[in-house]
Amino acid sequence: MGMMMMMWEGEKGLSSGKEQETARLQVQCAGERTRSVFKDEEEADRPGRRDSTAPTASSEPNRSATPRATGTVRDQVILDHLRPEGPGAQGGRVAPSICMAQELQSKRFQEFDDDIVIVAAFRTALTKARRGGFKDTPADDLLAPVLKAVVERSGVNPAEVGDIVVGTVLAPGSQRAMECRIASFLAGFPDTVALRTVNRQCSSGLQAIADVAASIKAGFYEIGIGAGVESMTKDAMAFDGTPNPKLETCQQAADCLLPMGVTSENVAARFNVTRAEQDQAAVVSHQRAAAATAEGRFKDEIIPVHTKVVDPKTGDETSVVISVDDGIRPTTSLADLAKLKPVFKKDGTTTAGNSSQVSDGAAAALLMKRGMAMRRGLPILGIFRSFAAVGVDPAIMGVGPAVAIPAAVKQAGLELSDIDLFEINEAFASQFTYCAKVLDLDMEKINVNGGALAIGHPLGCTGARATATLLHEMKKRGKDCRFGVVSMCIGTGMGAAAVFERGSSVDQYSNARPISENNYLSRDAK
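UniProt numbering applies: residue 1 is where the sequence shown begins, and numbers increase by one.
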């Protein structure tokens, strides 16, 4: 292997020390051929050898190390073969060999092993607040089933989880933190597993996943769960405090208190989004969600929840299993929506039909490093590539995805044209339509199974729900779908987005590299 793998470049020379160091790498590759001739030297030299195939932190040659003053007999023989001969050979230089490249490759494989991956992502069905299947289900009973599912279906011991981060919005912080901790115990997690909540309003579920990914990358723990939960039945969406009198001196601060529907009207008016466009977006959302439900496209992501429904008149309890989103209206038409009156402005365009539904639900994702997933033989559902949160004018908070998506895509080293699927939260049809138009996105790539206009928008859950929906749809599409984006607008004027790569164990790409003997693949970052 050794001698045929060298390339000669005649422009610059190496110091004898660097030449000897490079040659020693060649010696490692040629060891088998020389062992019988230099058996004694091989045995004597063994303590100082490095295994060039082991992906360790020290696998790359240390070129700054002081070379040995004298080599073994074997070193000298190999060096004699490497020294150029003939005219002009004095300036000859030994280029890195394939053996050295293999060492560098091993190190790169090790870096790919550090990819943060999602091995499981599930959600509950989403049901109409105050009228749907979860109207009598507390938040802890919503969250517990998805927490249990991500570890149970992955074969992960709950005690191995380093942290659980739950996105949630409406309930008072300490109350919801307590309920989420209760949910972890109901799901079978021991008291050694920590939990915290996070609130970035409508992006809270996605923020939870991003926080876990960052913590694993930083080495705080090896396995984590990012989740989201909201019971809009139990917790009202209202501001009960007394406005700060200083709001009179700062318009943007005052705009943070605008009802979300008013900001929807602002987007429609400022960017000329018509009522017809908004109603059409709602019809498409319901049609796609109805088709996805009929075709069973949500079955892989939805965890059935055993709960109870209480008759408000008699108080009688009925045991039920909730496994289907109940806000979808398959027969929704433009004619039906045109009959609805504006809700937030007398001559406005935002109606109950082209706004997201208030809903109850929960979702969770299990994250770890790729290397750990491969060692455990776990399927890789998706790879967490990037996350961005941005600020925008609070008066038009719905434009957030139009700013956040390009930021996250750029951070991932991609272009918008590289993205195969988008899950953009349909808080309002006005802002959803604007964002799709201004980014010039193909509508056939966005919310292919419907969005929040049909399925619902349980605030703290939505980011985690959309992630589960995206990753399962990418898995179904296989090699035709490589990169996906989850994004949403955020109350008070923000936007968030994350880029995911489909779990690459499904097929091979020409620009992908094997990560280990299991032949998992990953794209080289641009």
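Even for Gly, the Cβ is constructed at its ideal location relative to N, Cα and C. Given the structure is predicted, the values throughout are model-derived calculations rather than measurements.
- Checking the DSSP bridge columns, you'll see E317 partnered with V310.
- Rounded to whole angstroms, the gap between the alpha carbons of T192 and E444 is 45 Å.
- A buried status is given to N425, since no fewer than 16 other beta-carbon atoms sit within 10 Å of its beta-carbon.
- Within the region 354-398, the alpha helix (DSSP H) runs of at least 4 residues that lie entirely inside it are, in chain order, 370-375.
- By the neighbour-count definition (other C-beta atoms within 10 Å, threshold 16), E317 is an exposed residue.
- Residue state for S203 is assigned as helix, using DSSP reduced to three classes.
- Where G188 is concerned, there is no enclosing alpha helix (DSSP H), because DSSP gives it neither an H nor an E.
- For G228, the enclosing beta strand (DSSP E) stretches over residues I223 to S231.
- Rounded to the nearest whole angstrom, the C-alpha separation of V267 and S430 is 7 Å.
- Within the same chain, K148 and P158 come within 7 Å of G188 by CB-CB distance, once the 5 residues on both sides are set aside.
- The region 413-421 makes no contact with the region 288-306; the number of CB pairs closer than 8 Å stays below 3.
- According to the DSSP assignment, I424 belongs to the beta strand (DSSP E) that extends over L421 to I424.
- With distances taken between CA atoms, I216 lies nearest to V165 out of V165, I182, L258 and V448.
- Going by DSSP, D163 is part of the beta strand (DSSP E) stretching over D163 to G167.
- Beyond the five residues adjoining it in sequence on each side, A281 comes within less than 8 Å, by CB distance, of N354, E426, A429, F432, T433 and L453 in the same chain, given in chain order.
- Assigned with DSSP and collapsed to three states, S154 falls in coil, not helix or strand.
- For A159, no alpha helix (DSSP H) segment is defined, and its DSSP state is neither H nor E.
- When only Cα atoms are considered, I116 and A227 end up about 16 Å apart.
- Closest in alpha carbon position to V229, among R288, A183 and G167, is G167.
- Here F239 is exposed, its C-beta having fewer than 16 other C-beta atoms within 10 Å.
- DSSP, reduced to helix, strand and coil, places A121 within a strand of the structure shown.
- For S417, no alpha helix (DSSP H) run applies, since DSSP gives it neither H nor E.
- Going by DSSP, T197 is part of the beta strand (DSSP E) stretching over A194 to V198.
- Looking from the CA of D141, the closest CA among Q252, T274, F185 and G495 belongs to F185.
- Counted as a single uninterrupted DSSP element, the beta strand (DSSP E) harbouring C489 occupies residues F483 to I490.
- L470 is a Cβ neighbour of E423, given a cutoff of 8 Å.
- In the DSSP assignment, F500 falls outside any alpha helix (DSSP H) and within the unbroken beta strand (DSSP E) covering M494 to R502.
- One alpha carbon belongs to T242, the other to E222, and they sit about 44 Å apart.
- C489 has its alpha-carbon roughly 33 Å from the corresponding atom of D113.
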